[in-house]
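Notes follow once the structure below has been shown.
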Amino acid sequence: MSAPPAPGAAPTTPSEAQRAPLRQRSWKSRMREPLTGLIFILPMLVLFVIFRYVPTLGAGFMSFTDYKLYGGFEFVGLDNYTDLIGDTLFLNSVKITLLYAVIYVPLIFIVAMGTALLLNTVVWGQGFFRGAIFLPYVTSFVLAGIIWLWVYQGDGLINGIITQLGGDRIAFVTGGQMEVLSSLAVVSVWKGFGYSMLILMAGLKSVPEEYHEAAKIDGAGAVRRFFSITLPLLKPVIFFVMVIETIAAFQVFDTVYVMTGGGPARASNVLVYMLYQQGFQFFNFGYAAAIGVALFVIVFLISIVQRFFLDREVS
2 MSAPPAPGAA PTTPSEAQRA PLRQRSWKSR MREPLTGLIF ILPMLVLFVI
52 FRYVPTLGAG FMSFTDYKLY GGFEFVGLDN YTDLIGDTLF LNSVKITLLY
102 AVIYVPLIFI VAMGTALLLN TVVWGQGFFR GAIFLPYVTS FVLAGIIWLW
152 VYQGDGLING IITQLGGDRI AFVTGGQMEV LSSLAVVSVW KGFGYSMLIL
202 MAGLKSVPEE YHEAAKIDGA GAVRRFFSIT LPLLKPVIFF VMVIETIAAF
252 QVFDTVYVMT GGGPARASNV LVYMLYQQGF QFFNFGYAAA IGVALFVIVF
302 LISIVQRFFL DREVS
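Going by this note's numbering, the letters in the sequence shown line up with residues 2 to 316, in that order.
Rendered as structure tokens:
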């Protein structure tokens with residue numbers, strides 16, 4: 002047992018036996034908050050694993066089998082993947098999906114960024130305009146597809162205006178591949194650009210106004226300030242928007258299902274629609290699972306390329 006310090010003596014450091022309870026209490030105090038948070042998120046975490054990761058792993062396993070709906074499965078190794086490589090319909094679907102993404106992603110980014118910049122300067126009614134623009138995002142894809150079919154048809158709204166102006170009717174969803182894919186992309190942009198606009202607006206709000214004020218003093222115009230200040234500082238947000246919209250482009254299904262059914266003549270037979278046909282019309286579940294895995298690999302590789310070009314200068 003150590004002797005108590007003499008009156009007036011300099012304070013000594015606590016002994017090892019005195020520091021141990023302090024460390025123990027400190028460790029408990031540090032762990033209390035994370036453990037409490039973990040308990041609160043545990044139910045959602047369990048549901049997320051059950052309904053997201055378990056089906057994903059199950060689809061990966063199914064892609065190596067010849068799965069029968071009522072008759073079990075047979076392990077076939079890489080046969081589904083070798084069939085995919087030699088399947089001209091699959092290769093054509095990859096080309097159609099890439100073409101759709103090339104049209105859709107730049108278009109929705111330009112529309113979302115332009116709208117975000119415009120609303121960022123509006124000082125009155127900003128909440129109303131944000132809500133009005135976001136409204137199509139929460140509209141049913143089926144309802145949106147039916148409305149746009151009416152707009153696109155031969156005697157619909159757009160062709161009515163074109164013919165009144167003396168032009169020829171456009172076969173939006175029954176013409177060539179570029180016409181069909183562009184028409185589908187416009188519908189998807191109309192429905193989804195409100196989400197990206199809100200993300201970009203949040204990014205614009207985070208850009209310090211002092212930078213713009215200093216640039217104004219130096220004589221920089223609005224265009225120069227956008228390309229020299231706003232755009233570089235928005236790179237992390239732009240990268241996020243480009244990634245989620247690329248994933249959305251490769252996952253397009255509802256619009257195709259409602260408006261074209263993969264036609265005409267497979268002009269809009271995108272990957273997810275082919276997956277749907279193989280799985281739920283032809284009951285080739287193993288082959289459909291292999292298409293899903295291939296889709297995941299394609300999106301993953303494209304995301305890496307996007308990160309290389311967009312995110313390498315982000316600090």
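Just so it is clear, CB atoms sit at the ideal spot from N, CA and C, and this is done for glycine as well. The model shown is predicted, which means the values in this text are computed figures rather than measured ones.
Within 7 Å, strictly: CB atoms of residue i and residue j
i    : j    : result
A113 : M32  : no
F135 : G195 : yes
S184 : Y138 : no
P265 : T175 : yes
S207 : Y105 : no
Q178 : A268 : yes
G263 : Y274 : yes
Inter-residue CB distance, residue i and residue j (contact presumed, cutoff 8 Å)
i    : j    : result
L100 : L182 : 6 Å
I230 : Y258 : So it is not a contact: roughly 43 Å between Cβ atoms.
G146 : D255 : 7 Å
S30  : A291 : That belief does not hold up - the Cβ atoms of S30 and A291 are roughly 51 Å apart, past 8 Å.
D67  : E75  : 5 Å
Q165 : M243 : Going by Cβ atoms, the distance from Q165 to M243 rounds to 38 Å, so no, they are not a contact pair.
V143 : L272 : Not quite, the Cβ-Cβ distance comes to about 20 Å (not below 8 Å), so this is no contact.
M45  : W149 : 36 Å between Cβ atoms; not a contact.
Limits of the unbroken alpha helix (DSSP H) element including residue i
i    : result
Y153 : F142 to Y153
F76  : Premise fails: F76 lies in the beta strand (DSSP E), F74 to F76, not in any alpha helix (DSSP H).
L235 : It is not in any alpha helix (DSSP H) - L235 carries neither H nor E in the DSSP assignment.
R225 : A223 to R226
D84  : D80 to I86
D127 : For the record, residue 127 in the displayed sequence is Gln; it is not Asp. Q127 to F135 is the span of the alpha helix (DSSP H), which, as asked, contains Q127.
D219 : It is not in any alpha helix (DSSP H) - D219 carries neither H nor E in the DSSP assignment.
Q178 : Q178 to K206
G115 : T89 to T122
Q278 : Note, Q278: premise wrong, no alpha helix (DSSP H); not H, not E.
Q252 : Neither: Q252 is in no alpha helix (DSSP H) and is coded neither H nor E.
F62  : V55 to M63
N- and C-terminal bounds of the beta strand (DSSP E) containing residue i
i   : result
D67 : T66 to Y68
Closest Cα partner of residue i within the set the options
i    : options                   : result
A250 : I305, A186 and E210       : A186
N93  : Y274, F297, N270 and F281 : N270
F62  : L302, F286 and V273       : F286
I245 : L201, F283, Y288 and F76  : L201
A289 : R226, L58 and Q279        : Q279
I305 : V174, I248 and Y274       : I248
L70  : F284, F49 and V103        : F284
N81  : V294, V298, I299 and L302 : V294
I97  : D169, V253 and V238       : V253
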